[in-house]
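Working notes for the structure below.
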Amino acid sequence: MTSYTNGVLETPAESADGIEINCDPRPRVRITNVAIIDAVSVPGRHTHSLNRYQPPGAIYHDLLLANNPHNPSVSAAIQNIGHALNLELDIMKNADDTGEHYWKEIIYRQFLGSFRIHHIGESVLPEADDTHTIEATLSGITLHNRGFLLRFTSSDGYFVCAAVTFEDIQHLHRRGAIFLRNYGGTSESGGNIS
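So for the sequence shown, this note's numbering puts the first residue at -4; every next one is plus one.
What follows is the structure, given as structure tokens:
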């Protein structure tokens, strides 16, 4: 069972599944199970410091990207940290705190998965005779002018970017980023954001 605390840090031994969630006032998560940390810490891929308390979104995304369906510890961690992220998003929504952090988490939850990307150089473009194609994951979201700059990274580290408005996000396929599959965060991969 996940170790929930109210401002009091518990020792790793008190957290049998290796996940500690500190709700004071928003959830902060850390992983204390070395096997889970090792499963997520793949050489060549940036992962956050999982053994330090941080907002649940960062750890949740790292776990989804590293998820191995044959590793029950990682699958359980994804589920428990997903609940903490849902709690954080609910707290933010109820407090009318739906700024940049809130929307980034919503976008990551909807679109964390594989995309077929049509591009020229580092720019995502609609499919055409002169575009190249890679498979990549959504690896970064930055506020950009009146929208977002989405960064997609392939397994070999090559990245491409797409500048989109909030309205464009639901229609990324028109921009050259075709959603292939979700990494487990949501069952609705159609792109509806509410």
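A virtual CB, placed ideally from N, CA and C, is assigned to each residue, including glycine.
As the structure is a computational prediction, the values presented were derived from the model and not from experiment.
8 Å CB neighbourhood of residue i in its chain, flanking five on each side removed
i: PRO121; result: HIS113, ARG169, ARG170 and GLY171
i: SER68; result: ASP12, GLY13, ASN28, ALA30, ILE31 and ALA34
i: ASN140; result: ALA158
Residue i, DSSP secondary structure in three states
i: ASP85; result: helix
Cβ-based burial, residue i [other Cβ within 10 Å; buried from 16]
i: PHE161; result: exposed
i: GLU15; result: buried
i: ILE115; result: exposed
i: ILE188; result: Residue confidence for ILE188 is low, a pLDDT of 45 falling below 50, so the modelled location carries little weight and cannot support an answer.
i: GLY13; result: buried
i: ARG176; result: exposed
i: GLU100; result: buried
Cβ neighbours of residue i in the same chain (closer than 7 Å, five flanking residues each side left out)
i: GLU95; result: LEU138
* Asked: Taking only runs of the alpha helix (DSSP H) that begin and end inside the segment 7 to 81, which ones reach a length of at least 4 residues, in chain order?
  -> 29 to 35 and 51 to 61
* **Sequence ranges, alpha helix (DSSP H) only - wholly within the segment 100 to 186, length at least 4** => 161 to 164 and 167 to 170
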